[in-house]
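Each residue of the sequence shown is one higher than the one before, counting from 1 in the numbering used here.
Here a beta-carbon is modelled for each residue, glycine too, at the ideal position from N, C-alpha and C.
In this text the structure is predicted, and so the values were computed from the model without any measurement.
Comments concern the structure below.
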Amino acid sequence: MGELLSLKVSIANRTYPLRITHEEQEKVLQAAENINKRIKDFEDNYAVKDKQDLLAMSALQFASEALGAPKHDKTSNSDQEAIEQIEYLTLLVDEYLAQENSSK
1 MGELLSLKVS
11 IANRTYPLRI
21 THEEQEKVLQ
31 AAENINKRIK
41 DFEDNYAVKD
51 KQDLLAMSAL
61 QFASEALGAP
71 KHDKTSNSDQ
81 EAIEQIEYLT
91 LLVDEYLAQE
101 NSSK
């Protein structure tokens, strides 16, 4: 495993500090960009403004897309990437919810 890099990603106008390997950097940045695009699409097309709701809607859509992919005995690279993005998104949503609950 390579040396860990410090990286800050912005999702839904919140900054998340991460420690990742150099190999993960491009995927993490792309995942954050995809999440932000999905959130913007929901903001533009629906009357939902609460970031938590937008994150949840995005997570549901990403998960639905991943589950809708054809099943194979072996996981393909694109399937594995989708799984990693869902796991990462789930982690971010869990962290956000934990922070929201602890601030109340």
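Closest residue to residue i among the options (Cα-Cα distance)
i	options	result
isoleucine 11	Gln25, Glu23, Leu29	Leu29
lysine 8	Leu92, Ala82, Arg38	Leu92
arginine 38	Leu89, Ala98, Tyr96	Leu89
glutamate 87	Phe62, Ser6, Thr21	Phe62
Per-residue DSSP class, three states only, for residue i
i	result
valine 93	helix
Beta-carbon gap between residue i and residue j smaller than 8 Å
i	j	result
glutamine 85	asparagine 34	yes
valine 48	leucine 54	yes
tyrosine 96	arginine 14	yes
isoleucine 83	alanine 66	yes
Contacts around residue i, its chain only, beta-carbon distance under 7 Å, and the 5 residues preceding and following it disregarded
i	result
aspartate 41	none
Contacts around residue i, its chain only, beta-carbon distance under 8 Å, and the 5 residues preceding and following it disregarded
i	result
glutamate 100	Gln52
#### Entry: 4 or more residues per run - each alpha helix (DSSP H) lying fully within the segment 7-77
22-45, 51-67
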